[in-house]
Structure formats: C-alpha cells, structure tokens
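The structure appears below as structure tokens.
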C-alpha cells in the first residue's frame, strides 16, 4: 500500500503541476470489489487508502490540494468494472484511478484507462497480460503471475523435494494464468502434477478434496481467491 500511495502522489503532483486545477479538492478514483468473493480486498483498499489520505491531508495535501476518495465497486465482474472505471473517468472526472484485485476486471479496466487517458495504478491484479500491452496510462504496483511462480512457488517446490504436485485453480484469468505458469515450471522440473478446476464462487470443494485424497500429492497449490480459499482450507481440515 505504501508503494501505491507513493506512486499515486507522484502522478497527482505531475498532473496538478501540468494542468490548471481550480478546485481545492482532487478526487482519487478507487476500483475494487465491495461485493463478491473478494469483497474483503476491496474493503481493505478503501480503508487503507482512506487512512493514507487522511494522513496526507492533515499535512496539507499535495501541492496545497486536499485529496478525496471516490470508490466504485467492481464486484469481480469485467463488464461492471469497465463501467465503473468509465464513470470515474467521465462523470467524476478523476485525474487518477488506483486499486483492483481481480485480473479479469483489470484487463477490462485498462482498455478504458487507455481510451480516456486516465493513469491507472493496479495494486493486486497479477495477470501478466495487464502490462504486456505497454499502455502508457497503466502502471503496476504489485507482482505478476510469472514472477510469483518463477521466483517463489516453483523454487519452493523444487527445494523441498516434493515429488508429486496438485494444482487447484479457479476459473478466472488469474487462476488460469498462474496455474499454466506453474504447470510450465513443473514440466521443466520433470515433476508429475495434476490440475483440478473449480468455480471461482464455489463454497463446496468436497468433490475436489476427495480426488486429491485419492491422488495423495506431496503438496497442494491452491489458486483460489477470496472467501473460496477459506472454504477450501476449512473443508480440507475436516
């Protein structure tokens, strides 16, 4: 979050310095899921940025301008995310947007950001394709799927000598992307693996857990986001 706030202040300072801003308050757009399986992430974005802006405003704001948050719920739905971003760009006329934790939503939002030329700092969406297009207005403040797998997950599996790997991934852009990168690494290691697909909003994983028990893997890599992961872990411990 500290990195996001720093980038946000940097971009806002540039915008204020380059353009004539008559208003005393500068609105900052924030996108994220207030609803859906990852609603807790959106709430964390909103609360974290609000705390940061309170601190910034108490010290005089940015170049004498107070900052204000305008939050839009994306719900983890690409169409809703694109509409939310467009509202921020055209109706609220924010000079910058930050946030997002769903890769599917971010992939839709970057198109709107590029079209309206609104700087977009993505916090938590990991899909590699988000920044592969090299859009001038899109910035990433967090990791990418390939980096997380290549530098953390795959070395962990190899160094601990696991002989059989189970991959459980949700049916989302993030889930598919990170699972495919994991499979690529496992093939390079010559390690046998199985991949199970689950619904992103599922709350019942007993069928998949029964299959996993029969396969008896040395490690399970569960690429499930939000509340679904809580249900998966809880049911696995029953």
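Numbering (this note's numbering), first residue to last: 776 to 1013. Even glycine gets a Cβ: it sits at the ideal position worked out from N, Cα and C. Predicted, not measured: the structure shown is a model, and the values here were computed from it.
Quiz prompt | Identity of the residue in 897, 865, 831, 836 nearest residue 807 by Cα | solution = That would be 897, whose Cα lies nearest to the Cα of residue 807.
Quiz prompt | beta strand (DSSP E) runs wholly inside the segment 827-871, at least 3 long, in chain order | solution = Uninterrupted beta strand (DSSP E) stretches at least 3 residues long and entirely within the segment 827-871 occur at 841-848, given in chain order.
Quiz item: Taking contact to mean at least 3 C-beta pairs separated by less than 8 Å, is the segment 993-1000 in contact with the segment 949-957?
Solution: Between the segment 993-1000 and the segment 949-957 there are three or more inter-stretch CB-CB distances shorter than 8 Å, so the stretches are counted as touching.
Quiz item: For residue 1008, which three-state DSSP category applies?
Solution: Shown here, residue 1008 sits in a helix according to DSSP, grouped into three states.
Practice problem: Whole angstroms is fine: what's the gap from residue 893's alpha carbon to residue 923's? | Solution: A straight-line Cα-Cα distance of about 28 Å links residue 893 and residue 923.
Quiz item: CB-CB under 8 Å to residue 793, same chain, minus the five flanking residues each way: which ones, in chain order?
Solution: Low confidence applies here, because residue 793 scores a pLDDT of 46, under 50, leaving its location unreliable and the question unanswered by this model.
Quiz item: Under three-state DSSP, which class holds residue 945?
Solution: In the three-state scheme derived from DSSP, where H, G and I count as helix and E and B as strand, residue 945 is classed as strand.
Self-check item: Limits of the alpha helix (DSSP H) - the one that residue 986 falls within
Solution: DSSP places residue 986 in the uninterrupted alpha helix (DSSP H) bounded by 981-990.
Quiz item: When you compare each of 826, 809, 1012 to residue 818 by their alpha carbons, which one comes out closest?
Solution: Among 826, 809, 1012, the Cα nearest to that of residue 818 is on 809.
Self-check item: Element boundaries [beta strand (DSSP E), containing residue 998]
Solution: Bounds of the beta strand (DSSP E) holding residue 998 are 994-998.
Quiz item: Does DSSP classify residue 802 as helix, strand or coil?
Solution: Strand at residue 802.
Quiz item: With DSSP run on the structure shown, which of helix, strand or coil describes residue 1002?
Solution: It is helical.
Quiz item: What did DSSP end up calling residue 952 once you bin it into helix, strand or coil?
Solution: Helix.
Exercise. Taking residue 921 as the reference, give the member of 823, 895, 936, 953 with the closest Cα.
Key: Closest option to residue 921, Cα to Cα, is 953.
Quiz prompt | Euclidean distance between Cα positions of residue 1009 and residue 988 | solution = Distance between the alpha carbons of residue 1009 and residue 988: 15 Å.
Quiz item: How big is the Cα-Cα spacing for residue 814 and residue 958?
Solution: Distance between the alpha carbons of residue 814 and residue 958: 29 Å.
Quiz item: Should residue 853 and residue 880 be called a contact, given that it needs their Cβ atoms to be closer than 8 Å?
Solution: The answer is yes: Cβ separation under 8 Å.
Quiz item: residue 820 by DSSP, collapsed to three states: which one?
Solution: Three-state DSSP puts residue 820 in a helix.
Quiz item: If you run the structure through DSSP and keep just helix, strand and coil, what is residue 1013?
Solution: Note: residue 1013 maps to coil in three-state DSSP.
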